[in-house]
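J.: Please read through the structure below; I'll follow up with questions.
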Amino acid sequence: MLGSIDPLLLLASLMVAATPILFAAIGELVVERAGVLNLGVEGMMITGAICGFIVAVQTGSPWIGFAAAALGGAVLAALFGLLTQYLLSNQVATGLALTLFGLGLASLLGQDWAGIRAPRVPDLPLGPLSDLPILGPVLFRHDPMVYLGLALCLAVWVVLTRTRAGLILRAVGENHDSAHALGYRVRAVRMAAILFGGACAGLGGAYLSLVRVPQWTDGITAGAGWIALAIVVFASWRPGRLVIGAYLFGGVAQLQLNLQAAGARVPVELLSMSPYLATILVLVLLSSGRAPGSLGRSFHAAR
Amino acid sequence: MIRLERRPQPSRAWTWATPPLAVLLTMIAGGALFAALGEDPLVAIRTIFWDPLFGDFASYSRPQLLIKAAPLILIATGLALGFRAGIWNIGAEGQYIMGALCAAATALAFYPMEARWLIFPLMILAGMAGGMIWALIPALLKVRFGTNEILVSLMLVYVAENLQSWMALGPLRNPDGMGFPGSRNLSQYASSANPELVAGTGAHWGVVAALLAVIAAQVLLSRHRLGFQIRLAGQSPRAAAFSGVRPGLLVVLCMGISGALAGMAGMFEIAGPSGRVSIDFNVGYGFTAIIVAFLGRLHPFGILLAGLLMALTYIGGEMASMALNLPAAAIQVFQGMLLFFLLAVDVLTAYRIRRTGEAAS
Amino acid sequence: MTGPLLRLTGLTKAYPGVIANSGVSLDIAPGEIHALLGENGAGKSTLVKTIYGLVKPDEGTMEWRGAPYAPAEPSEARRTGVAMVFQHFSLFDALDVAENVALGMEDPPPMRALATRIREVSQAYGLPLDPARIVGDLSAGERQRVEIVRCLLQDPRLLIMDEPTSVLTPQEVAILFETLRKLKSEGTSILYISHKLEEIRTLCDTATILRGGRVVGSCIPGETTARAMAETMVGSALQAPERASRPEGPVALEVSDLTAASPRPFGTALREVALTIRAGEILGIAGVAGNGQDELLLALSGEMTTAPGTILMGGTDCSRAGPAARREAGLLCAPEERMGHAAAPDMSLTENAFLTGETRQRLSRRGFADWAGARAFAARVIEAFDVRTPGPGTAARALSGGNLQKFLIGREILQAPKVLVVNQPTWGVDAAAAAAIRQALLDLAAGGAAVIVVSQDLDELMEVSDRMAALTGGRLSAPVPAQGLTVERIGLMLGGAHDMEAAHAPAREGAA
Numbered sequence: 020m021l022g023s024i025d026p027l028l029l030l031a032s033l034m035v036a037a038t039p040i041l042f043a044a045i046g047e048l049v050v051e052r053a054g055v056l057n058l059g060v061e062g063m064m065i066t067g068a069i070c071g072f073i074v075a076v077q078t079g080s081p082w083i084g085f086a087a088a089a090l091g092g093a094v095l096a097a098l099f100g101l102l103t104q105y106l107l108s109n110q111v112a113t114g115l116a117l118t119l120f121g122l123g124l125a126s127l128l129g130q131d132w133a134g135i136r137a138p139r140v141p142d143l144p145l146g147p148l149s150d151l152p153i154l155g156p157v158l159f160r161h162d163p164m165v166y167l168g169l170a171l172c173l174a175v176w177v178v179l180t181r182t183r184a185g186l187i188l189r190a191v192g193e194n195h196d197s198a199h200a201l202g203y204r205v206r207a208v209r210m211a212a213i214l215f216g217g218a219c220a221g222l223g224g225a226y227l228s229l230v231r232v233p234q235w236t237d238g239i240t241a242g243a244g245w246i247a248l249a250i251v252v253f254a255s256w257r258p259g260r261l262v263i264g265a266y267l268f269g270g271v272a273q274l275q276l277n278l279q280a281a282g283a284r285v286p287v288e289l290l291s292m293s294p295y296l297a298t299i300l301v302l303v304l305l306s307s308g309r310a311p312g313s314l315g316r317s318f319h320a321a322r
Numbered sequence: 348m349i350r351l352e353r354r355p356q357p358s359r360a361w362t363w364a365t366p367p368l369a370v371l372l373t374m375i376a377g378g379a380l381f382a383a384l385g386e387d388p389l390v391a392i393r394t395i396f397w398d399p400l401f402g403d404f405a406s407y408s409r410p411q412l413l414i415k416a417a418p419l420i421l422i423a424t425g426l427a428l429g430f431r432a433g434i435w436n437i438g439a440e441g442q443y444i445m446g447a448l449c450a451a452a453t454a455l456a457f458y459p460m461e462a463r464w465l466i467f468p469l470m471i472l473a474g475m476a477g478g479m480i481w482a483l484i485p486a487l488l489k490v491r492f493g494t495n496e497i498l499v500s501l502m503l504v505y506v507a508e509n510l511q512s513w514m515a516l517g518p519l520r521n522p523d524g525m526g527f528p529g530s531r532n533l534s535q536y537a538s539s540a541n542p543e544l545v546a547g548t549g550a551h552w553g554v555v556a557a558l559l560a561v562i563a564a565q566v567l568l569s570r571h572r573l574g575f576q577i578r579l580a581g582q583s584p585r586a587a588a589f590s591g592v593r594p595g596l597l598v599v600l601c602m603g604i605s606g607a608l609a610g611m612a613g614m615f616e617i618a619g620p621s622g623r624v625s626i627d628f629n630v631g632y633g634f635t636a637i638i639v640a641f642l643g644r645l646h647p648f649g650i651l652l653a654g655l656l657m658a659l660t661y662i663g664g665e666m667a668s669m670a671l672n673l674p675a676a677a678i679q680v681f682q683g684m685l686l687f688f689l690l691a692v693d694v695l696t697a698y699r700i701r702r703t704g705e706a707a708s
Numbered sequence: 021m022t023g024p025l026l027r028l029t030g031l032t033k034a035y036p037g038v039i040a041n042s043g044v045s046l047d048i049a050p051g052e053i054h055a056l057l058g059e060n061g062a063g064k065s066t067l068v069k070t071i072y073g074l075v076k077p078d079e080g081t082m083e084w085r086g087a088p089y090a091p092a093e094p095s096e097a098r099r100t101g102v103a104m105v106f107q108h109f110s111l112f113d114a115l116d117v118a119e120n121v122a123l124g125m126e127d128p129p130p131m132r133a134l135a136t137r138i139r140e141v142s143q144a145y146g147l148p149l150d151p152a153r154i155v156g157d158l159s160a161g162e163r164q165r166v167e168i169v170r171c172l173l174q175d176p177r178l179l180i181m182d183e184p185t186s187v188l189t190p191q192e193v194a195i196l197f198e199t200l201r202k203l204k205s206e207g208t209s210i211l212y213i214s215h216k217l218e219e220i221r222t223l224c225d226t227a228t229i230l231r232g233g234r235v236v237g238s239c240i241p242g243e244t245t246a247r248a249m250a251e252t253m254v255g256s257a258l259q260a261p262e263r264a265s266r267p268e269g270p271v272a273l274e275v276s277d278l279t280a281a282s283p284r285p286f287g288t289a290l291r292e293v294a295l296t297i298r299a300g301e302i303l304g305i306a307g308v309a310g311n312g313q314d315e316l317l318l319a320l321s322g323e324m325t326t327a328p329g330t331i332l333m334g335g336t337d338c339s340r341a342g343p344a345a346r347r348e349a350g351l352l353c354a355p356e357e358r359m360g361h362a363a364a365p366d367m368s369l370t371e372n373a374f375l376t377g378e379t380r381q382r383l384s385r386r387g388f389a390d391w392a393g394a395r396a397f398a399a400r401v402i403e404a405f406d407v408r409t410p411g412p413g414t415a416a417r418a419l420s421g422g423n424l425q426k427f428l429i430g431r432e433i434l435q436a437p438k439v440l441v442v443n444q445p446t447w448g449v450d451a452a453a454a455a456a457i458r459q460a461l462l463d464l465a466a467g468g469a470a471v472i473v474v475s476q477d478l479d480e481l482m483e484v485s486d487r488m489a490a491l492t493g494g495r496l497s498a499p500v501p502a503q504g505l506t507v508e509r510i511g512l513m514l515g516g517a518h519d520m521e522a523a524h525a526p527a528r529e530g531a532a
């Protein structure tokens, strides 16, 4: 029975399965490094998923769809930013509100779009690389978004550790009072991070509705946004570990799907639980990193 | 330019004025949303907020108010205790499901024995235990390993949903159900039924439990040491430690109580209005209760009112989707908006808004 | 060059309910060390924040070398040539020294070049620093060096220093002064904010004294007495506390071999701390913040439990007991941080009275709070300690620092402790309130309680202590009688100036 699972195919689809989470998580990582906890990832993801899907179907271009998804996620994130940064609302409560609102909004927007197939996202032609034995099918026969996600993680790492902008972002997240005293615009930096996080979550959501599934179904994200949040903790707020985390979860998710397809004797529902249980397990075993100093605290320049 | 200025003390007047203000703003924004969907906003608002109580079919819809409000209030009261202490149990939906499953399993284990005096109380206990255990998982993991309770409690919702479908299709499936998914109907089994207590009101045992929970929570928060510790821990964790509060114990207590209340809500639902375990009998009360808790200012009596209001939007939403063909999801957006507006106008309780002109001397 | 470097004319800044600055005018000449003197709340911070571009004045103007100067934000001030060493809030614990320095600069060079520059400048001014170290692991003195080096790298024309010596040992202070004089000789002006009069007398060329947001006097510190400056600053004659002689009582608290890791990131572990204190005695514990004071308080209050047998109250082991049980036994504490640790800012004074008073004042019955009793207790504290507030229903946050501290110390004293431990009892408190608090501690000891005062303020400790010990790097020195102790001697107990003298020697040769 297990023999019917092709390990190469499993590895290849692992990269696809990990990509939505990777996008959402790298965005949230930047947000949290700026000292903001946005629990609305799930809501922004699913909004991105439906915005991207509608626009892609309407225009016939998945790329315009992805752009719309990023925009949709960012708009929702802007709402979060407005509330938490300017109206100083509680970040946890606002993030939850964003998720509840996003789920409702997406379901409202998507009610006439179920059952339609999304335009196909072509693979990135990598020429001879994709013909390599073993490595070719596993690594080099994917759509551009898979590589964009990885490139984004690399870019975030470079910006955070090697540039002044990244230094300022980390400083704001570490101690917003000090950053303010030195004259940095805490709110502006945080707003930028929040918008980036929203756009990334939107892209992740659109990857689900345009590539992974690829059609619109209600509740398509099924907790992926929450898993992305967990991966940020698992990664100790470091981009490198985040990639590992996302691929690990991609692997678990894909393996259980393949087991379902292979007709394992375990009930389907119990298999479906496994990514969530794995998330809990990983959180228990590996949440040791030090969170940014100002994470989740509201900033108000008193005087 | 406008700037915010912190009040030395939170404004009492705004504390009470913000929820109605948020409702008003939501009605305006919601009206705009309905207008965008091609409905007359006034008609839609009336259908949602007025017709369920005083419209043509009010005799049918009025009892629904208590039926829907009871689980919301029960769950939100428990959640509010934790939220006050800075403990974020957002997996009440899962605890609700587990309470329902445990209660149903208990009842079905006795089927068809007739012993209401034994089975019904046992179901309540089983429901509370189911919800509590499900909530204690994130609590104990937090205390022991420092794991984030938000993420774990939420992950357990998905686990519970899967367990529920498995139960509905497998172990709890009705053997006389001709292969259809779902359990026996508990509301038709005299020993387990949770009937309407006063005809025409919708009041079942869950309503009684919700009222008792509200009163108990109010006494706890205002009069008892534990309530003081909950408030203290939420406002200043370090002052709480200095005072002698044991944060771990508080996590376990708050999560345990909210889980038990959510489980109880699930039990009353499965034994009454819902009747049987199906693959999707949960309708999101656990999540809506989060809105209810905030809308009620995390205050038990406030939650009572907020629960009734939110129940009204549920019923009104259903009526609107039937009468006006308004999509069911619209009401979800509406509820989300309500929470947004509440959080937004909340700034007025802690801050004063000042206009600062450039210094004109 | 003639004319002032910076001239302030009629600066006024009002906040709701407070006028922070009112018509403040002063001149800072090139190459002068100008003292800005005043009590807490006199408006010093607001004034320097205005110069640094963090606060915009409501009225008044500033001129830099005769040209109008109105920085919209700190970066503009930095470009003009103003640099500032903050008292708090400008370092990032989790970042390294070089990153912290880079964040305070307008146009930092690449990291590697910056690290070299940091080494050079810090050596030249006798403030050695390793650019790669994480700031959270540095001592308070080293953290200040980071701030100073950050400023020096920008070749400032005006250096603002906000209470720079409050975190330094006496030896470190001497070295800092040497650095400042060197800067002065190079033509840099320094605006030096302090309330320590002797320091100002030895260091500064001119002084401007603020009280209640106004300039109430200016003088040449070398030509006037500390007492005269103090009276201008406070506005009234000061009274020294009275102390009664006390008989030596039985041992009240015994701490032995107390070793414990810090529960906080970047905290200091306690190492083999031992002390014995008798009833009626005041033990002063000197030390620069960040040397284990917070941890010692946590260990004594019961917020952090320690190995069995390390803390004995009247002969009974209470090292494993929680805060409530220790209060029951008579061991009370008043932590340094008022808002959020000693008190819950958003709760009323009644609730804050309940916060520590519940056990000893019997403010609950079978778990149910007696709010009337708590209100009465709060009212008694307010009455006995002259706390200025509308009443017990007021939120703690609404009180001024001095009033809240009087309430919090009073809350513990009125519970008749057998042992009271206070950390920085007069930090950020006006002179009148500070004097009242010190007197209350002396009276408490005279009444037969044992009192431990942890403080960075050596003058305060000399005033109240019977014996003194020093806490450095989590180790407590053996206590010595306070009588006849000199500041230099305490400085040595505090471990001198870490590695600084050695570094200063070559710098001096280089300058010669």
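Protein chains in written order, with this note's numbering: chain A, 20 to 322; chain B, 348 to 708; chain C, 21 to 532.
For each residue, glycine too, the CB sits at the ideal point set by N, CA and C.
All of these numbers come straight from a predicted model, not from anything done at the bench.
#1: Thinking just about the alpha-carbon of each residue, which of C/E301, C/V68, C/G58, C/I240 is nearest to the one in C/V473?
#2: Flag A/S11 as yes if its beta-carbon sits less than 9 Å from any beta-carbon of chain C, otherwise no.
#3: Between C/T70 and C/M82, is the Cβ-Cβ spacing less than 9 Å?
#4: Going residue by residue through the stretch 418-504 of chain B, where are the continuous alpha helix (DSSP H) segments of at least 4 residues, counting only ones entirely within it?
#5: May I ask you to report which of helix, strand or coil DSSP gives C/S159?
#6: Among C/S186, C/D175, C/D78, C/D113, which one has its Cα closest to the Cα of C/T446?
#7: Could you name the residues that DSSP lists as bridge partners for C/I210?
#8: Quick one, which of A/V175, A/P141, A/V157, A/G155 has its alpha-carbon nearest A/M164's?
#9: Using 8 Å for Cβ pairs, my map puts C/G73 next to C/P94. What's the rounded Cβ distance?
#10: Using a Cβ-Cβ cut-off of 6 Å (strictly less than) and excluding sequence neighbours within five positions of C/L419, which residues of its own chain qualify?
#11: Just to confirm, is the Cβ distance from A/A198 to C/L123 under 9 Å?
#12: Would you mind listing the beta strand (DSSP E) stretches within the stretch 74-116 of chain C that are 3+ residues and don't spill past its ends, in chain order?
#13: Check whether chain A comes within 9 Å of B/V639, counting only Cβ atoms and requiring the distance to be less than that.
#14: Are the beta-carbon atoms belonging to C/L440 and C/E432 less than 9 Å from one another?
#15: Can you list, in chain order, the residues of its chain whose CB lies under 7 Å from that of C/L290, leaving out five sequence neighbours each side?
#16: Near B/E461, what residues of its chain come up, given a Cβ to Cβ distance below 8 Å and the 5 sequence neighbours on each side ignored?
#17: With a cut-off of 8 Å, do at least 3 Cβ pairs link the stretch 265-279 of chain A to the stretch 32-48 of chain A?
#18: Do C/T370 and C/A344 have their C-beta atoms within less than 9 Å of each other?
#19: With a threshold of 9 Å between beta-carbons, can C/P36 be considered close to chain B, or not?
#20: Can you tell me which of the three DSSP states A/T182 falls into?
#21: With a cut-off of 9 Å, does the C-beta of B/A563 fall near any C-beta of chain C?
#22: Among C/G387, C/P365, C/Q381, C/F397, which residue has its Cα nearest to the Cα of C/G421?
#23: What residues in the stretch 262-293 of chain C have a beta carbon less than 7 Å from any beta carbon of chain A?
#24: Against chain B, which members of the stretch 232-245 of chain A pass a CB distance test of less than 9 Å?
#25: Name the chain B residues whose beta carbon is nearer than 8 Å to that of C/G342?
T.: According to the structure shown:
#1: Along the third sequence, read from residue 1 onward, the residue named residue 473 of chain C stands at position 453. Of C/E301, C/V68, C/G58, C/I240, the residue nearest in Cα terms is C/E301.
#2: Here chain A covers residues 20 to 322 and nothing more, so residue 11 of chain A does not appear.
#3: The residue labelled residue 70 of chain C in the question sits at position 50 within the third sequence. The residue labelled residue 82 of chain C in the question sits at position 62 within the third sequence. In this structure, C/T70 lies near C/M82, with their beta-carbon atoms less than 9 Å apart.
#4: 439-457, 463-492
#5: For the purposes of this step, residue 159 of chain C is taken as residue 139 along the third sequence, with counting starting at 1. Residue state, collapsed to three classes: coil.
#6: Counted from its first residue, the third sequence places residue 446 of chain C at position 426. When each option's Cα is compared against that of C/T446, the closest is C/S186.
#7: On the third sequence, position 190 is the one that residue 210 of chain C refers to. Paired residues: C/I53, C/L179.
#8: On the first sequence, residue 164 of chain A is found 145 positions in, with the first residue counted as 1. When only C-alpha atoms are compared, the closest one is A/P141.
#9: Here residue 73 of chain C refers to the residue found at position 53 when the third sequence is read from its first residue. Here residue 94 of chain C refers to the residue found at position 74 when the third sequence is read from its first residue. Indeed they touch by this definition, with Cβ atoms about 5 Å apart.
#10: Mapped onto the third sequence, residue 419 of chain C falls at position 399. Cβ neighbours of C/L419 beyond the five flanking positions: T409.
#11: In the first sequence, the residue the question calls residue 198 of chain A occupies position 179. In the third sequence, the residue the question calls residue 123 of chain C occupies position 103. Yes, the Cβ-Cβ distance between A/A198 and C/L123 is below 9 Å.
#12: 79-84, 102-105
#13: Counted from its first residue, the second sequence places residue 639 of chain B at position 292. No - not a single Cβ of chain A is within 9 Å of the one on B/V639.
#14: Here residue 440 of chain C refers to the residue found at position 420 when the third sequence is read from its first residue. Here residue 432 of chain C refers to the residue found at position 412 when the third sequence is read from its first residue. In contact: C/L440 and C/E432 (Cβ atoms closer than 9 Å).
#15: As a position in the third sequence, residue 290 of chain C is number 270, starting the count at 1. So the list reads L278, T279, A280, G312, E315, L316, A319, G494, once near-sequence residues are dropped.
#16: Numbered from 1 along the second sequence, position 114 holds the residue referred to as residue 461 of chain B. Same-chain partners within the cutoff: A537, S538.
#17: yes
#18: On the third sequence, position 350 is the one that residue 370 of chain C refers to. On the third sequence, position 324 is the one that residue 344 of chain C refers to. Going by C-beta atoms, C/T370 is not nearer than 9 Å to C/A344.
#19: For the purposes of this step, residue 36 of chain C is taken as residue 16 along the third sequence, with counting starting at 1. Yes, C/P36 counts as interfacial toward chain B.
#20: Locating residue 182 of chain A in the first sequence gives position 163, where the first residue counts as 1. Look at A/T182 here: in three-state DSSP terms it is coil, with no helix or strand label.
#21: Looking up residue 563 of chain B in the second sequence gives position 216. Taking Cβ atoms only, chain C never reaches closer than 9 Å to B/A563, which makes this a no.
#22: In the third sequence, the residue the question calls residue 421 of chain C occupies position 401. Of C/G387, C/P365, C/Q381, C/F397, the residue nearest in Cα terms is C/P365.
#23: Result list: P285.
#24: D237, A241, G242, W245
#25: Taking the first residue of the third sequence as position 1, residue 342 of chain C is located at position 322. In chain order: G591, R593.
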